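Participant: Numbering (our numbering), first residue to last: 43 to 237.
Sharing a structure, written as structure tokens. Questions coming.
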């Protein structure tokens, strides 16, 4: 389970914990141990995806498993000679000759240039907006799919209509509405120069 650092947990439509994943895991474990009558749903705030936790053992055991899972993605192989491993994955890409020529002329070579281009694209406003829309859509599908105006709110989200979106989610349960609004905020932020 590769996930972001912040999670939010819901019991029905009520948010029972939000914040650092370890803190949320402890709250979910406590709710589980208290015998809640319905499932607690955990959302990764970075992706909007639903997460599953292994709640066996103590709260410390649950948190330990989360840390172990995060550590499994770190390469622990002994370091040899040469350049440090930066978690780089080698893959083949196919480009036209003119693209290779341009990449070869860039400082840092083809790989460095591609990494810089990707990093720039990932921080660009359109990319951030699309990511916020996708994360919000995933969350809304799980928690608001049966609520009034779900489809219209989804359309307003993707159309960038913030005022319409706010009006459509106004009658949703408080915690669902607040979290939806928080996730969607980056989708409605305006760029410098946007009117």
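Backbone N, C-alpha and C define an ideal beta-carbon position, used for all residues, glycine too.
Keep in mind it's a predicted model, so treat the numbers as computed, not measured.
Any heavy atom of the ligand GDP closer than 6 Å to the beta-carbon of residue 90?
Facilitator: What this structure holds is no ligand at all, so the ligand GDP is not there to describe.
Participant: Cβ atoms of residue 180 and residue 90: under 7 Å apart, would you say?
Facilitator: Pairing residue 90 with residue 180 gives a Cβ-Cβ distance under 7 Å.
Participant: On the three-state DSSP scale, how would you describe residue 93?
Facilitator: The three-state secondary structure of residue 93, taken from DSSP, is strand.
Participant: Use the C-beta contact count for residue 138: other C-beta atoms within 10 angstroms, 16 or more gives buried, fewer gives exposed.
Facilitator: Per the 10 Å Cβ criterion, exposed.
Participant: By Cβ distance, which residues of its chain are closer than 7 Å to residue 196, with the 5 residues on each side in sequence left out?
Facilitator: The residues are 179, 182.
Participant: So, under 8 Å CB-CB, residue 228 and residue 171 are touching, yes? Tell me the CB distance rounded to an integer number of Å.
Facilitator: 7 Å
Participant: Where does residue 62 sit, in a helix, a strand or coil, going by DSSP?
Facilitator: strand
Participant: Spatial neighbours of residue 49 within its chain, please: C-beta separation below 7 Å, excluding the five flanking residues on both sides.
Facilitator: Cβ within range, chain order: 63, 66, 84, 85, 86, 87, 93.
Participant: Going by the beta-carbon positions, is the gap between residue 60 and residue 69 smaller than 7 Å?
Facilitator: no
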